[in-house]
Amino acid sequence: MTTYNATRIEEKWQKLWEEQDSYRSQRDSSKTKYYVLEMFPYPSGKLHMGHMRVYSIGDVLARYLRMRDYNVIHPMGWDAFGLPAENAAIENNVNPAEWTARNIEHMKKQQNRLGVSYDWHREVNTSAPDYYRWSQWLFLLMYKQGLAYKKQSNVNWCETCATVLANEQVEKGLCWRCSTVVENRDLEQWFLRITDYAQRLLNDLDQLPGWPERVKLMQQNWIGRSEGADIAFQLKDFPEEEIRTFTTRPDTLFGVTYMVLAPEHPLVKPLVEGTEREQEVMDFVARTRQESEIDRTSEEAPKIGLFTGRSAINPVNREEVPILVGNYVLMAYGTGAVMGVPAHDHRDFEFAKKYSLPIRVVIQPRDGQELSEETITEAYVDEGYMFNSGLFNGTDSREGIKKVTEYLEARDLGQFRGTYRIRDWLISRQRYWGAPIPIIYCDQCGTVPVPESDLPVELPLEVELSGNQVPSLAHYDDFVNTKCPECGGAATRETDTMDTFICSSWYFLRFTSPNCDYAPFDTDDAGYWMPVDQYIGGIEHAILHLLYARFFTKVLYDAGMLKVNEPFKRLLAQGMVYKDGAKMSKSKGNVVTPDEIVERFGADTGRLFILFASPPEKDLDWNDQGVEGCHRFLRRVYRLVAESTGEIGVEAGTAEKGEHEAELQRSLHGAIKKVSVDIEERFNFNTAISAIMELVNSIYAYRQAVEKDNCNREVLEETLEKMVILLAPFAPHLAEEAWEMLGREGSVHRQHWPAYDPDMLEVDQVEVVIQINGKVRGRITVPTDCPEDRLLEEARSSDRIGELLDGKEIVKIITVPNKLVNIVSR
RNA sequence: GCGGGCGUGGCGGAACUGGCAGACGCGCUGGACUUAGGAUCCAGUGGGAGCAUUCCCUUGGAGGUUCAAAUCCUCUCGCCCGCACCA
Numbered sequence: 002m003t004t005y006n007a008t009r010i011e012e013k014w015q016k017l018w019e020e021q022d023s024y025r026s027q028r029d030s031s032k033t034k035y036y037v038l039e040m041f042p043y044p045s046g047k048l049h050m051g052h053m054r055v056y057s058i059g060d061v062l063a064r065y066l067r068m069r070d071y072n073v074i075h076p077m078g079w080d081a082f083g084l085p086a087e088n089a090a091i092e093n094n095v096n097p098a099e100w101t102a103r104n105i106e107h108m109k110k111q112q113n114r115l116g117v118s119y120d121w122h123r124e125v126n127t128s129a130p131d132y133y134r135w136s137q138w139l140f141l142l143m144y145k146q147g148l149a150y151k152k153q154s155n156v157n158w159c160e161t162c163a164t165v166l167a168n169e170q171v172e173k174g175l176c177w178r179c180s181t182v183v184e185n186r187d188l189e190q191w192f193l194r195i196t197d198y199a200q201r202l203l204n205d206l207d208q209l210p211g212w213p214e215r216v217k218l219m220q221q222n223w224i225g226r227s228e229g230a231d232i233a234f235q236l237k238d239f240p241e242e243e244i245r246t247f248t249t250r251p252d253t254l255f256g257v258t259y260m261v262l263a264p265e266h267p268l269v270k271p272l273v274e275g276t277e278r279e280q281e282v283m284d285f286v287a288r289t290r291q292e293s294e295i296d297r298t299s300e301e302a303p304k305i306g307l308f309t310g311r312s313a314i315n316p317v318n319r320e321e322v323p324i325l326v327g328n329y330v331l332m333a334y335g336t337g338a339v340m341g342v343p344a345h346d347h348r349d350f351e352f353a354k355k356y357s358l359p360i361r362v363v364i365q366p367r368d369g370q371e372l373s374e375e376t377i378t379e380a381y382v383d384e385g386y387m388f389n390s391g392l393f394n395g396t397d398s399r400e401g402i403k404k405v406t407e408y409l410e411a412r413d414l415g416q417f418r419g420t421y422r423i424r425d426w427l428i429s430r431q432r433y434w435g436a437p438i439p440i441i442y443c444d445q446c447g448t449v450p451v452p453e454s455d456l457p458v459e460l461p462l463e464v465e466l467s468g469n470q471v472p473s474l475a476h477y478d479d480f481v482n483t484k485c486p487e488c489g490g491a492a493t494r495e496t497d498t499m500d501t502f503i504c505s506s507w508y509f510l511r512f513t514s515p516n517c518d519y520a521p522f523d524t525d526d527a528g529y530w531m532p533v534d535q536y537i538g539g540i541e542h543a544i545l546h547l548l549y550a551r552f553f554t555k556v557l558y559d560a561g562m563l564k565v566n567e568p569f570k571r572l573l574a575q576g577m578v579y580k581d582g583a584k585m586s587k588s589k590g591n592v593v594t595p596d597e598i599v600e601r602f603g604a605d606t607g608r609l610f611i612l613f614a615s616p617p618e619k620d621l622d623w624n625d626q627g628v629e630g631c632h633r634f635l636r637r638v639y640r641l642v643a644e645s646t647g648e649i650g651v652e653a654g655t656a657e658k659g660e661h662e663a664e665l666q667r668s669l670h671g672a673i674k675k676v677s678v679d680i681e682e683r684f685n686f687n688t689a690i691s692a693i694m695e696l697v698n699s700i701y702a703y704r705q706a707v708e709k710d711n712c713n714r715e716v717l718e719e720t721l722e723k724m725v726i727l728l729a730p731f732a733p734h735l736a737e738e739a740w741e742m743l744g745r746e747g748s749v750h751r752q753h754w755p756a757y758d759p760d761m762l763e764v765d766q767v768e769v770v771i772q773i774n775g776k777v778r779g780r781i782t783v784p785t786d787c788p789e790d791r792l793l794e795e796a797r798s799s800d801r802i803g804e805l806l807d808g809k810e811i812v813k814i815i816t817v818p819n820k821l822v823n824i825v826s827r
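Counted the way my numbering counts, the first sequence spans residues 2 to 827.
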């Protein structure tokens with residue numbers, strides 16, 4: 002008898018699947034479609050365990066659902082633009098396109114070696130002109146709709162990457178890619194108006210019950226809506242001007258003792274112009290603007306304010322309050338102006354103390370203590386009743402928010418408003434290896450979009466990259482110099498490329514019609530395949546990619562190109578892969594690669610372990626001995642099939658169906674039920690696999706229990722066959738081989754998923770636990786659905802229970818059918 | 001500070017709506033087969049007491065609800081993640 006040789010088996014079947022084009026997907030309106038998608042990778046050059054995990058999860062689903070007769074689409078592609086290609090190109094003196102192509106080729110081989118069932122006819126590469134052509138097209142669509150715009154602003158700059166970053170790409174003040182401290186620069190840059198979609202991006206999270214709660218919360222926090230009011234303060238010396246301020250606490254309006262403007266606020270200059278304070282204030286403004294966001298917004302940073310010499314008028318009580326400029330006020334949030342209510346806001350309190358500004362209590366707590374300017378030691382930010390607030394005195398503060406706003410609204414001095422933390426998406430990148438922004442600047446005509454018919458604006462590939470200069474399109478005169486599409490005169494191209502997150506914001510649509518040459522995607526194809534039914538990927542994209550992709554989908558929905566307005570129906574955020582309690586990294590020397598696992602044990606073993614070790618959404622600790630255990634299990638399966646086919650083929654199989662057979666069938670149908678539920682409803686692949694292990698153990702036990710050569714051929718054969726089918730999504734190569742060994746026709750992956758027979762799960766005898774006062778005191782075996790009185794009788798007749806109940810009064814009896822009897826006695 | 005999550009054997013992890021805690025796997029112990037085993041097979045394996053039938057304890061900790069709690073409630077400790085001068 003041969004033993005399990007993973008390499009031989011895996012190579013054999015991978016070759017056959019490729020030859021037979023087994024995983025091609027086509028539209029078929031007679032079947033229910035199912036779109037399984039794993040986040041496509043950046044082609045860094047080699048797969049790591051995180052990749053192996055996400056692909057293993059996706060592939061189990063894809064294979065399972067095919068067997069459940071869904072029309073499954075399971076595509077794969079490459080998020081191929083990005084900085085590492087440029088860096089590698091400089092280091093190795095190769096062209097980024099070549100470097101990327103080589104990596105893709107290698108990684109694709111690795112993926113195939115894992116036995117993942119991709120439809121490679123749908124492969125996309127975001128750096129290919131026939132892809133980025135449509136990324137550019139989508140940019141132009143947004144441009145035409147006013148969603149893409151260019152503006153001068155203070156942006157995040159990463160010196161190491163030599164480019165700007167979107168807010169989402171700054172983590173705790175550091176670059177998300179290289180952890181360099183992000184600086185501030187004033188640059189003219191392209192933005193997408195994602196803030197226009199903030200409310201819908203927030204609201205529609207409710208339509209996503211299949212998303213993890215924590216991801217939805219992260220997005221919710223990121224969008225950061227706050228409710229409040231916009232309030233206008235008139236300027237004392239310029240009665241026609243006003244300062245608009247946003248507050249979440251209009252109920253504290255009577256407590257305003259000063260106003261603070263952001264240094265960038267457009268009114269700062271006119272307020273001080275020509276006054277003695279001009280110099281001082283404008284110097285401060287210039288200094289503050291140079292500070293990095295992290296310095297300026299960190300909690301430790303001192304709050305600095307400067308008096309402008311001007312005053313504003315409180316709309317409710319006509320009081321004059323001084324106007325200051327403060328470093329802690331951000332232009333990008335709300336209106337860039339804050340009303341200072343020191344008694345009821347921590348920051349304002351601190352600020353007022355520092356600059357000896359008056360503090361006025363206007364909310365009193367309900368617990369009886371009375372706050373006053375003299376006694377207050379910290380801001381009181383909780384609810385209470387209004388005080389010192391004219392006609393609102395005594396009003397509940399929560400009520401006051403509404404009443405004060407209504408009062409202002411009636412007088413045209415303010416209105417209800419929600420404001421958002423999220424800011425527009427900065428998409429310009431000062432780098433070479435990206436999709437060029439399709440814009441031309443003409444001295445005569447201004448900013449001119451490249452006509453659709455001229456797309457793609459191709460990236461020049463004949464480039465010289467060197468370590469001395471940052472790779473940028475601005476260095477290539479042939480690229481930069483062009484003709485204006487409108488007047489035909491000399492013009493220059495935009496030299497920034499797009500953020501790569503643009504390319505990944507719509508790739509799942511391109512998969513539905515990867516060769517479409519008249520649009521980014523065919524609306525019928527997208528109509529059939531979209532939405533992605535199950536999306537799988539790392540939690541690190543909870544905000545970035547997932548928010549951007551939702552935004553794009555909504556824009557395309559509004560443009561009438563999509564029928565869905567959410568791209569991903571269900572989302573699985575898979576956990577990370579660790580080893581020895583730490584993230585795998587070269588420096589820690591704890592790296593295990595998919596390649597070495599495939600080589601040593603085979604892809605089936607690696608897949609099985611990675612799915613068995615932990616539920617998919619939890620972090621996983623890699624354990625070499627655990628891998629061996631999974632390999633051992635697959636060997637056991639192989640040996641079982643190999644041995645049993647011998648028995649099946651020869652003289653075995655004469656035995657009648659008896660209790661052993663019934664038990665084996667119970668195991669089988671129990672396993673079918675559990676594996677089906679675990680895959681489909683719970684994504685608990687670890688318990689699905691353990692159910693298959695139990696089934697295999699039962700088959701061994703059966704063979705041991707019956708005399709050799711005296712097993713029931715029919716039952717054993719059926720059990721083996723179904724066991725192999727259950728195993729197929731997890732260990733696709735071994736299952737295929739075993740299927741062949743069992744003498745079955747065709748591919749195991751084309752079989753219908755077995756249904757379990759509830760009758761087979763029935764047992765005629767059950768063990769019932771007898772509890773006395775909630776403690777297990779015995780067990781009895783009785784016929785199924787045994788009535789309570791009979792149960793009691795049986796229980797009492799057992800020596801022990803009888804003894805324990807002797808002389809006791811029975812207070813109560815609780816029966817759980819076929820499970821337990823609890824006798825409460827005294 | 002705000003928001004969220006997680007604490008179960010030596011380890012990874014099971015336990016659907018409260019109903020036998022510890023499935024499955026790893027590791028460990030003993031045995032079988034072997035020249036040998038780090039191969040394979042069989043048996044055992046939460047802790048403690050006892051020759052034993054058996055008993056007691058055990059899901060981070062303390063209370064509570066209940067006939068019955070890993071599961072529900074209150075408090076508390078520890079770890080992890082996200083956001084954070086957002087007005």
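Backbone N, C-alpha and C define an ideal beta-carbon position, used for all residues, glycine too.
Beta carbon of D383, beta carbon of F192: below 8 Å? As a working mapping, residue 383 is identified with position 382 in the first sequence. As a working mapping, residue 192 is identified with position 191 in the first sequence. Against a cut-off of 8 Å, the Cβ pair of F192 and D383 comes out as no contact.
Let me know the secondary structure DSSP gives L193 once reduced to three states. Locating residue 193 in the first sequence gives position 192, where the first residue counts as 1. If DSSP states are grouped into helix, strand and coil, L193 belongs with the strands.
Rank I693, M742, Y701 by C-alpha distance to the C-alpha of P730 and give the top, closest one. Within the first sequence, numbered from 1, the residue matching residue 730 stands at position 729. The residue with the shortest Cα to Cα distance from P730 is I693.
My guess is that P437 and L474 are in contact by the Cβ rule of under 8 Å, so how many angstroms apart are they, rounded? Position 436 of the first sequence holds residue 437. Position 473 of the first sequence holds residue 474. Between L474 and P437 the Cβ distance is about 6 Å, and since that is below 8 Å, they are a contact.
Which one of T594, G275, S136, A230 has the shortest CA to CA distance from D80? Residue mapping note: residue 80 aligns to position 79 of the first sequence, counting from 1. The candidate whose alpha carbon is nearest that of D80 is S136.
8 Å CB neighbourhood of S506 in its chain, flanking five on each side removed: Position 505 of the first sequence, counted from the first residue, corresponds to residue 506. Spatial neighbours of S506 in its own chain (CB-CB distance under 8 Å, excluding positions within 5 residues in sequence) are listed in chain order as H546, Y549, A550, F552, F553.
From the DSSP output, in three-state form, read off W135 for me. Here residue 135 corresponds to residue number 134 of the first sequence, with the count starting at 1. In this structure, W135 counts as helix in the three-state DSSP scheme.
In chain order, what are the residue ranges of uninterrupted beta strand (DSSP E) at least 3 long that sit wholly in the stretch 121-172? Correct list: 149-159, 164-166.
Look at the alpha carbon of T336 and the alpha carbon of E242, and state the distance between them as a whole number of angstroms. Here residue 336 refers to the residue found at position 335 when the first sequence is read from its first residue. Here residue 242 refers to the residue found at position 241 when the first sequence is read from its first residue. When rounded, the distance between both Cα atoms is 15 Å.
Per-residue DSSP class, three states only, for Y433: Position 432 of the first sequence, counting from 1, holds the residue named residue 433. Note: Y433 maps to coil in three-state DSSP.
Can you check which of these residues, G341, N155, H347, L236, is closest to R319 by C-alpha distance? Reading the first sequence from its first residue, position 318 is the one you call residue 319. The option with the nearest alpha carbon to R319 is L236.
Residue(s) in a DSSP beta bridge with S826: Your numbering for residue 826 matches position 825 in the first sequence. The beta-bridge partner set that DSSP reports for S826 consists of I811.
So what does T248 bridge to, in DSSP terms? Along the first sequence, one-based indexing puts residue 248 at 247. In DSSP, T248 forms a bridge with A230.
By how many angstroms is the C-alpha of A86 removed from the C-alpha of I105? For the purposes of this step, residue 105 is taken as residue 104 along the first sequence, with counting starting at 1. For the purposes of this step, residue 86 is taken as residue 85 along the first sequence, with counting starting at 1. I105 and A86 have their C-alpha atoms roughly 12 Å apart.
CA-to-CA distance, E453 to C485, given in whole angstroms: Mapped onto the first sequence, residue 485 falls at position 484. Mapped onto the first sequence, residue 453 falls at position 452. Taking the straight line from one Cα to the other gives about 14 Å.
Find out if the Cβ-Cβ distance for the pair Q535, V61 is shorter than 8 Å. Residue 535 sits at position 534 when you count from the first residue of the first sequence. Residue 61 sits at position 60 when you count from the first residue of the first sequence. Against a cut-off of 8 Å, the Cβ pair of V61 and Q535 comes out as no contact.
Assumed close pair L262, V330 - CB separation to whole angstroms, cut-off 8 Å: As a first step, residue 262 must be located in the first sequence, where it is residue number 261. As a first step, residue 330 must be located in the first sequence, where it is residue number 329. About 6 Å separates the beta carbons of L262 and V330, which is inside the 8 Å limit, making them a contact pair.
For the alpha helix (DSSP H) containing S828, name the first residue and the last one. Nothing in the structure corresponds to residue 828, since the chain is present only between 2 and 827.
Can you grab the Cα-Cα spacing for the pair E652 / R704, in whole Å? Numbered from 1 along the first sequence, position 651 holds the residue referred to as residue 652. Numbered from 1 along the first sequence, position 703 holds the residue referred to as residue 704. With a pLDDT of only 47 at E652, under the threshold of 50, the placement of this residue in the model should not be trusted; the figure read from the coordinates follows. Using only the alpha carbons, I get a separation of about 15 Å.
How is the beta strand (DSSP E) around A492 delimited, first residue to last? Sequence index remark: in the first sequence, residue 492 carries index 491 (1-based). First-last of the beta strand (DSSP E) with A492: 491-494.
Bridge partners for E87 per DSSP, in chain order? As a first step, residue 87 must be located in the first sequence, where it is residue number 86. Its beta-bridge partners do not exist; DSSP assigns none.
Helix, strand or coil for G310 per DSSP? Numbered from its first residue, the first sequence carries residue 310 at position 309. Correct three-state label for G310: strand.
Less than 8 Å between the CB atoms is what I'm expecting for R28 and D518, so what's the real figure, rounded? Counting from one through the first sequence, the residue named residue 28 turns up at place 27. Counting from one through the first sequence, the residue named residue 518 turns up at place 517. In this structure R28 is not in contact with D518, their Cβ atoms being roughly 18 Å apart against a cut-off of 8 Å.
Measure the alpha-carbon distance for M143 versus I503 and round it to whole angstroms. Locating residue 143 in the first sequence gives position 142, where the first residue counts as 1. Locating residue 503 in the first sequence gives position 502, where the first residue counts as 1. Spanning the two alpha carbons is a distance of roughly 12 Å.
So E662 and V716 are in contact, right, with Cβ under 8 Å, and what is the actual spacing, rounded? The sequence position of residue 662 within the first sequence is 661, counting from 1. The sequence position of residue 716 within the first sequence is 715, counting from 1. Contact holds; Cβ gap of about 5 Å.
Short of 6 Å in beta carbon distance, which residues of its chain neighbour T406, apart from the five on each side in sequence? Order them along the chain. Along the first sequence, one-based indexing puts residue 406 at 405. Taking C-beta separations shorter than 6 Å and ignoring five residues to either side along the sequence, the partners of T406 in its chain run A230, P251, F417, following chain order.
To which residues does DSSP link G603 through a beta bridge? Against the first sequence, residue 603 aligns to sequence position 602. Note: G603 is not bridge-paired with any residue in the DSSP secondary-structure output.
Which whole-angstrom value is the C-beta distance of Y65 and W754, which I expect to be below 8 Å? Counting from 1 along the first sequence, the entry for residue 65 is found at position 64. Counting from 1 along the first sequence, the entry for residue 754 is found at position 753. Confirmed, about 7 Å.
Distance, Cα to Cα, P595 vs A604? Your numbering for residue 595 matches position 594 in the first sequence. Your numbering for residue 604 matches position 603 in the first sequence. When rounded, the distance between both Cα atoms is 8 Å.
So the candidates are F239, S615, G627, G369; which of them puts its Cα closest to the Cα of I598? Here the question's residue 598 lines up with position 597 in the first sequence. Out of F239, S615, G627, G369, G627 has the C-alpha closest to the C-alpha of I598.
Option nearest D444 by Cα separation, candidates I428, I224, Y477, T483: One-based indexing of the first sequence puts residue 444 at position 443. Ranking I428, I224, Y477, T483 by CA distance to the CA of D444 puts T483 first.
Are there 16 or more other CB atoms within 10 angstroms of the CB of R633, so buried, or fewer, so exposed? Taking the first residue of the first sequence as position 1, residue 633 is located at position 632. With fewer than 16 other Cβ atoms within 10 Å, it is exposed.
Status (buried if at least 16 other CB within 10 Å, exposed otherwise) for R751: Within the first sequence, numbered from 1, the residue matching residue 751 stands at position 750. Using a 10 angstroms sphere on the CB of R751, the tally of other CB atoms stays under 16, which defines it as exposed.
Whole angstroms is fine: what's the gap from N328's alpha carbon to P264's? As a first step, residue 328 is located in the first sequence; it is residue number 327 there, counting from the start. As a first step, residue 264 is located in the first sequence; it is residue number 263 there, counting from the start. Whole-angstrom Cα-Cα distance: 7 Å.
Presumed contact (8 Å Cβ cut-off) between Q365 and G341, rounded CB distance: Translated into the one-based positions of the first sequence, residue 365 becomes position 364. Translated into the one-based positions of the first sequence, residue 341 becomes position 340. At roughly 20 Å, the Cβ-Cβ gap does not stay under 8 Å, so Q365 and G341 are not in contact.
DSSP three-state call for I802: helix, strand or coil? Translated into the one-based positions of the first sequence, residue 802 becomes position 801. In the structure shown, the three-state DSSP call for I802 is helix.
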